[in-house]
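Visitor: Residue numbers (my numbering), protein chains in the order written: chain P, 1 to 264; chain X, 265 to 554.
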Amino acid sequence: MKSNNVHGEGSPGVVEPLLMDEDIIVIEHVYKSFGKTPALVDASLRVKRGEVCLIFGPSGGGKSTLLRCINHLEKPDGGTIIVDGIPVSHARTNIDLVRAEVGMVFQLFNLFPHLTVLGNVTIAQEKVRGRPKKEAERIARELLERVGIPEKADAYPGQLSGGQKQRVAIARALAMNPKIMLFDEPTSALDAEMIKEVLDVMLDLAKEGMTMVVVSHEMGFAKAAADCMVFVDGGRVIEEGSPEEIFSNPKEDRTKQFLSQILE
Amino acid sequence: MAVATEMEKPESKLVPWTARLEKMPWWALILVLLGVLIAYFIYTKPTYQDAFLFLISGVRLTILVSLVSFALSLVLGLILGLGRVSKDVVFYTISSVYVEVVRGIPILVLLIYFAYVVTPVALQLLNALGTVILQNLAFGPLVRLAEYLANLNIQNVDMLVRAIMGLAFAYAAFEAEVFRAGIQSIERGQMEAARSLGMSYFQGMRYIILPQAIRRVLPPLGNDFIGLLKDSSLISVLAVRELTHLGKLNRARTFQTFETWNTVAFLYLILTLSLSVLVKVMERRMSFEE
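#1: Curious, which full-length beta strand (DSSP E) runs of at least 3 residues does the segment 10 to 93 of chain P contain?
#2: Terminal residues of the continuous beta strand (DSSP E) containing D184 (chain P)?
#3: What is the residue span of the beta strand (DSSP E) that F489 (chain X) lies within?
#4: Starting from I238 (chain P), follow the beta strand (DSSP E) in both directions and report where the run begins and ends.
#5: Give the DSSP-derived three-state secondary structure of K2 (chain P) in the structure shown.
#6: So is S330 (chain X) in contact with chain P if we call contact Cβ pairs under 8 Å?
#7: Since I believe D42 (chain P) is in contact with R236 (chain P) (beta carbons under 8 Å), could you give me their beta-carbon distance rounded to a whole number of angstroms?
#8: Where do the N-terminal and C-terminal ends of the beta strand (DSSP E) with D233 (chain P) fall, by residue?
#9: May I have the straight-line CA-CA distance separating A386 (chain X) from R172 (chain P), to the nearest angstrom?
#10: Helix, strand or coil: which one does DSSP assign to G462 (chain X)?
#11: What does D96 (chain P) touch in chain X if you count any residue whose Cβ is under 8 Å from its own?
#12: Counting only beta-carbon atoms, is Q467 (chain X) nearer than 8 Å to chain P?
#13: So, helix, strand or coil for T211 (chain P), using DSSP?
#14: Tell me, please, which residues DSSP counts as bridged to M104 (chain P).
#15: Taking only the alpha-carbon atoms, compute the straight-line gap between F355 (chain X) and Y312 (chain X) and give it to the nearest angstrom.
#16: Name the two residues that bound the continuous alpha helix (DSSP H) containing N415 (chain X).
#17: Leaving out five residues on either side along the sequence, give the residues of the same chain with a beta carbon under 7 Å from the beta carbon of L263 (chain P).
#18: Using a C-beta to C-beta distance shorter than 7 Å, which residues of chain P count as neighbours of Y471 (chain X)?
#19: Give me the chain X residues within the contact set of A100 (chain P), using Cβ-Cβ distance strictly less than 8 Å, ordered along the chain.
#20: Residues in the same chain with beta-carbon distance under 6 Å from A268 (chain X), minus the five sequence neighbours each way, listed in chain order, please.
#21: Just the Cα atoms here: how many angstroms apart are K256 (chain P) and I343 (chain X)?
#22: Is Y307 (chain X) helix, strand or coil by DSSP?
#23: Taking only beta-carbon atoms, is N177 (chain P) less than 8 Å away from chain X?
#24: Under 8 Å, Cβ to Cβ, is there at least one residue of chain X near F34 (chain P)?
#25: Among the candidates P:V213, P:I246, P:N120 and P:R131, whose CA atom is the shortest distance from the CA of V168 (chain P)?
#26: With 16 as the cutoff for other CB atoms within 10 Å, does K207 (chain P) come out buried or exposed?
#27: Can you tell me whether W291 (chain X) is helix, strand or coil according to DSSP?
#28: Determine, for H7 (chain P), whether the minimum Cβ-Cβ distance to residues of chain X falls below 8 Å.
#29: Are the Cβ atoms of A189 (chain P) and Q125 (chain P) separated by less than 8 Å?
#30: Closest Cβ-Cβ distance between G446 (chain X) and chain P: below 8 Å?
#31: Which residues in chain X sit within 7 Å of M104 (chain P), going by Cβ to Cβ distance?
#32: Taking any Cβ of chain X, which residues in the segment 59 to 83 of chain P have a Cβ under 9 Å from it, in chain order?
#33: Quick check: what's the CA-CA separation for A516 (chain X) versus W525 (chain X)?
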C-alpha cells in the first residue's frame, strides 16, 4: 500500500488499510451525536480516488457533520473513517499529518483577517510544509492566478467580495497540494452573481482529477461534475448513486420529495 | 475611517449663542487650568519646589515598578489565559485556581502576603533544596549554585523585588482573564481553518488566534496598565520609596500636608493621563492596519 505514507515505516498500531486502494475515503458505520441530538446514525460512504462526490439533503440532516468527520473536525462517537489508508480516529494517528493532505473550504470562508491574501495562502505552506518563504510565495501567486485574482495578493480579506474570499480560501487549501478537497457549502453565503465564479474554479479542479467531496445544493454543478451523489437526511445516508440515477430515477421517496422541492 | 466625509452643517441663527458653550469640553479646560496652577506653584513657591524635588525620584521608581511588573504580568497572564481556554484538565485547573484565588484577594493584602509570607517560605524551600544538593550530588558548577541557594538570606531579597513580583502576580490574574476573553472572542472557524490546513493547536494559537486576539484586547490591557500604575502606590506599605511613600516621608519631614499631596496627586495624574493618550494613539494605529 503505497498510500500509507503519513505514518512512515514501521509505525506501530496502524491498522492495515482495510480496503482497496481506489477508495481514498471510507466511512463505515459512523455515529455522532451532539448532546442527545443524533447527528449521524450508522452513516457509511466511500469515495474513489479522483471522484467528485456531492452530498445534499435538508439542513440539519448531518451533511456537514459527515464532511467534517472526514478531516476529524468532528470526532465521531463510533465507526471507522479511513482517509487514504489512514484511520483518522485512531489514537496513534497524527491527525495534523492527515489534515495537511485534506484541504477544506468553509461556508463562511474563514480567511485569516490579520494576514494579506498572500499571507493566507503562504502561512500553512511555511509553517506546516516547511517551504521557504520565496517558494511559498511563488506557489501562492500561481494559485491566485489560477483562481483569477492575482491582483489581490496584497489586499486584506476585509477588502474582498464574498466570491473573491472563497476563491482565496480555495487557493489557500490547494497550496498544501492536498489529495482530497472538502467543500462545506462553499456557495451558500454568496450573492447570486458570485456563485458562478466559485463554481467555475471548482469545475476546473474537478476536471483536473481532484478528489472532491462537496456539500452543496448546486444541482448544476452536480450535473456538470459529480460522479456520485449522496442524499443525507436525519443523520443517515438515505441514497447514493450517479447523478443520472438520482435525477431521473431516485429510489427513495424521501429523495424524490426533496429533489422536487429544490428543483422547482 | 468614516469620519472625514461628514459635511459641516450651516450654523442656524435660531440657536442661541449659549448653546455653543454647552458643547465646549469644559472638563479638559478645568484639568489644564488645575495643572497649570500646580505647575505654577511648583515653579514659584519654595515649599512646592521642595516637595517636587523630593518626590521626583519616587516618580522614577513608580514608573520602573509599573513597567517591570506589567511586563511580567503579561507573560504570566498569557500563560494562564491559555490555560483557561485549554482542554488539558491539569493546565486548566491550575490556571483557574490561580485566577480565582488571586482575583478574590485585595491587592493590598496580596502584596503584604507575598512579601512577608510567600517570600520567606520560598526562601526556606530554596535553602533546603540547596542543602540537599550540597549533601547528595554536589559536583562541578552545581556546588556554586547549591551554596548560593543554601546561604540565601531573607535580607537578600529586596523589598522592591518583592513588591514588583507581588504586583505582577496580582495583575497576572486580571491579564489572564483579558487574554481568555480575547481568545474566546475569535470566531471558532479561525482555529478550524488553521487545523484543517494541518497546523497543530499550538501553531493555530501562535499564528492565527493570538495575533488577532491581542489586537482586540489592547484597550483593556492599556486600562490595566493604568490601573497597575495607580495600584503601585500600594507598595508604599512595603516601604518601597516610590511616589506615595515619598509623599508620606515628605509630609513627615516638612509638615507641608497640602503642598505634598497636591504635588503627589499632580504627578500621578500626569503619568496616568499621558498614558491614556498613549493608549488611544496605539489603538488607533493598530486598527488602521486591517
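Using N, Cα and C, we set each Cβ at its ideal position, and we do this for glycine too.
Guide: Let's see:
#1: 23 to 34, 37 to 48, 52 to 56 and 78 to 83
#2: Numbered from its first residue, the first sequence carries residue 184 (chain P) at position 184. First-last of the beta strand (DSSP E) with D184 (chain P): I180 to D184.
#3: Here the question's residue 489 (chain X) lines up with position 225 in the second sequence. No beta strand (DSSP E) holds F489 (chain X); the alpha helix (DSSP H) holding it covers L474 to D495.
#4: Against the first sequence, residue 238 (chain P) aligns to sequence position 238. Counting along the chain, the beta strand (DSSP E) containing I238 (chain P) begins and ends at R236 to G241.
#5: Position 2 of the first sequence, counted from the start, is the residue given in the question as residue 2 (chain P). The predicted model places K2 (chain P) with a pLDDT of 40, which falls under 50 and marks its position as unreliable, so this point remains unresolved.
#6: Stepping through the second sequence from its first residue, residue 330 (chain X) is reached at position 66. Not an interface residue.
#7: As a working note, residue 236 (chain P) is residue 236 in the first sequence. As a working note, residue 42 (chain P) is residue 42 in the first sequence. At roughly 7 Å, the Cβ-Cβ gap stays under 8 Å, so R236 (chain P) and D42 (chain P) are in contact.
#8: Taking the first sequence and counting its residues from 1, one reaches residue 233 (chain P) at position 233. From DSSP, the beta strand (DSSP E) with D233 (chain P) extends over C228 to D233.
#9: If you number the second sequence from 1, residue 386 (chain X) lands on position 122. If you number the first sequence from 1, residue 172 (chain P) lands on position 172. Taking the straight line from one Cα to the other gives about 51 Å.
#10: Position 198 of the second sequence, counting from 1, holds the residue named residue 462 (chain X). Coil at G462 (chain X), not helix or strand.
#11: In the first sequence, counting from the first residue as 1, residue 96 (chain P) sits at position 96. In chain order: R459, G462, M463 and S464.
#12: Here the question's residue 467 (chain X) lines up with position 203 in the second sequence. Closer than 8 Å to some Cβ of chain P, the Cβ of Q467 (chain X) qualifies, so yes.
#13: The count along the first sequence starts at 1 and reaches residue 211 (chain P) at position 211. DSSP places T211 (chain P) in strand when its eight states are reduced to three.
#14: By one-based count along the first sequence, residue 104 (chain P) stands at place 104. Paired residue(s): P:L182.
#15: Residue 355 (chain X) sits at position 91 when you count from the first residue of the second sequence. Residue 312 (chain X) sits at position 48 when you count from the first residue of the second sequence. Roughly 53 Å between the two C-alpha positions.
#16: Here residue 415 (chain X) refers to the residue found at position 151 of the second sequence. That residue, N415 (chain X), is in no alpha helix (DSSP H); it is neither H nor E in DSSP.
#17: By 1-based counting over the first sequence, the position of residue 263 (chain P) is 263. Cβ within range, chain order: M219.
#18: The residue you call residue 471 (chain X) lines up with position 207 of the second sequence. Those are I123 and K127, listed as they occur along chain P.
#19: Taking the first residue of the first sequence as position 1, residue 100 (chain P) is located at position 100. Under the 8 Å cutoff, chain X gives L461 and G462.
#20: Position 4 of the second sequence holds residue 268 (chain X). Low confidence applies to A268 (chain X): its pLDDT is 48, below 50, so where it sits in the model is not reliable, and the reading given next is rough at best. Cβ within range, chain order: n/a, list empty.
#21: For the purposes of this step, residue 256 (chain P) is identified with residue 256 of the first sequence, where counting begins at 1. For the purposes of this step, residue 343 (chain X) is identified with residue 79 of the second sequence, where counting begins at 1. K256 (chain P) and I343 (chain X): Cα-Cα distance of roughly 55 Å.
#22: The residue you call residue 307 (chain X) lines up with position 43 of the second sequence. Helix at Y307 (chain X).
#23: Walking along the first sequence from the start, residue 177 (chain P) turns up at place 177. Chain X contact via Cβ: absent.
#24: As a working note, residue 34 (chain P) is residue 34 in the first sequence. Chain X, which has no Cβ nearer than 8 Å to the Cβ of F34 (chain P), makes this no.
#25: Translated into positions along the first sequence, residue 168 (chain P) becomes position 168. Answer by Cα proximity: P:N120.
#26: For the purposes of this step, residue 207 (chain P) is identified with residue 207 of the first sequence, where counting begins at 1. Under this definition K207 (chain P) is an exposed residue.
#27: Locating residue 291 (chain X) in the second sequence gives position 27, where the first residue counts as 1. W291 (chain X): helix per DSSP, three-state reduction.
#28: Walking along the first sequence from the start, residue 7 (chain P) turns up at place 7. Residue confidence is low: H7 (chain P) scores 45 on pLDDT, short of 50, so the model does not pin down where it sits. No coordinate-derived value is stated.
#29: For the purposes of this step, residue 189 (chain P) is identified with residue 189 of the first sequence, where counting begins at 1. For the purposes of this step, residue 125 (chain P) is identified with residue 125 of the first sequence, where counting begins at 1. It is not a contact, given that the beta carbons lie outside the stated cut-off.
#30: Start at 1 with the first residue of the second sequence, and residue 446 (chain X) comes out as number 182. No, G446 (chain X) does not count as interfacial toward chain P.
#31: Here the question's residue 104 (chain P) lines up with position 104 in the first sequence. Residues of chain X passing the Cβ test: S460.
#32: R68, N71, H72 and L73
#33: Against the second sequence, residue 516 (chain X) aligns to sequence position 252. Against the second sequence, residue 525 (chain X) aligns to sequence position 261. Those two C-alpha atoms are separated by around 12 Å.
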